[in-house]
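Written out below as structure tokens is the structure these notes cover.
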Amino acid sequence: DVKVTQSSRYLVKRTGEKVFLECVQDMDHENMFWYRQDPGLGLRLIYFSYDVKMKEKGDIPEGYSVSREKKERFSLILESASTNQTSMYLCASSPGDGSSYEQYFGPGTRLTVT
Amino acid sequence: GQNIDQPTEMTATEGAIVQINCTYQTSGFNGLFWYQQHAGEAPTFLSYNVLDGLEEKGRFSSFLSRSKGYSYLLLKELQMKDSASYLCAVLSHSGGYNKLIFGAGTRLAVHP
């Protein structure tokens, strides 16, 4: 079974704090993704990575950065958290060999910025 | 631009059949996914269609018409546990990469 884990289920941070969200997958997948999910808007892609040390901007990268130093780990960083970054954050991974485009999701981190 | 539309909410009765529609306008179409997401949980894969037609998997079926930019998810013999959000997502090839573009999701409530 593919397992994608995220470091926290719930997180409360103050405006201006630097926030790290960690994601780890155990299936040796090349591809990893960060989304945020907001009511009425669905999942929106923030950043993705197709290889170690590689990153690409998604549709809403402003205010975020990412790091992928190891294949199994993909971190999302909020340099200076703001209240409009209160959201559910979902990490996902998928194989990179073309065998499948299915993305496997982690349980999500509900972040509240006060 | 890229656009995916699906109804916001639907209700249905236990044991019945429900069809959730999804229409899309995207470039670089490379297939369409349906995911199920229970409240507070991760989305889980239901189906993937890349060719026109119907794919059946137990109580769930998914249909795709690429020429019409249309898909539906059919749920038969509804059970209470099918109450969840159903996410339509298009796999779009752009800029050398494949990316999933999600609709806002359809919240399905199954009642006795």
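If you're matching them up, the sequences are chains A and B in order. Residue numbers for the first sequence follow the working numbering, so the first one is 1 and each next one is one higher. Residue numbers for the second sequence follow the working numbering, so the first one is 1 and each next one is one higher. Glycine is no exception: its CB is placed at the ideal position from the N, C-alpha and C atoms. Here the structure is a predicted model, which is why all the values come from computation and not from measurement.
Within the DSSP bridge table, the entry for V50(B) names no partner.
The three-state secondary structure of M88(A), taken from DSSP, is strand.
Comparing alpha carbon positions, the residue from V12(A), Q25(A), N84(A) and K57(A) closest to C91(A) is Q25(A). Annotation for P112(B): T13, E14 and M80 place their beta carbon closer than 8 Å to its own, counting only its chain and skipping 5 residues before and after. Nearest CB-CB separation between K81(B) and chain A: not below the 8 Å threshold. One finds nothing in chain B with a Cβ atom closer than 8 Å to the Cβ of P61(A); even the nearest lies about 13 Å away.
In the DSSP assignment, G58(A) falls outside any beta strand (DSSP E) and carries neither an H nor an E. Against P107(A), the close residues of chain B are E41 and A42, in the order they occur along the chain (beta-carbon pairs closer than 7 Å). DSSP assignment within the stretch 84-111 of chain B yields the following whole beta strand (DSSP E) runs of 3 residues or more, N-terminal first: 84-94, 97-102 and 106-111. When Cβ-Cβ separations below 8 Å define contact, L45(A) makes contact with chain B. Sequence-distant Cβ neighbours of M10(B) in its own chain, meaning closer than 8 Å and more than five residues away, are V18, I20, T106, R107, L108 and A109. Within the stretch 31-44 of chain A, the residues whose Cβ lies closer than 7 Å to some Cβ of chain B are G40, L41, G42 and L43, listed in chain order.
Listed along chain B, the residues sitting closer than 8 Å to L90(A) by beta-carbon distance are A42 and P43.
Around E56(A), the beta-carbon contacts reaching into chain B at under 7 Å are Y97.
Comparing alpha carbon positions, the residue from S94(B), A104(B) and S61(B) closest to G28(B) is S94(B). Secondary structure of M10(B) (DSSP, three-state): strand.
Here G42(A) is buried: its Cβ has 16 or more other Cβ atoms, across all protein chains shown, within 10 Å. Note on the stretch 13-101 of chain A: whole beta strand (DSSP E) runs with a minimum of 3 residues are 19-25, 31-38, 42-49, 64-70, 73-78 and 87-94, in chain order.
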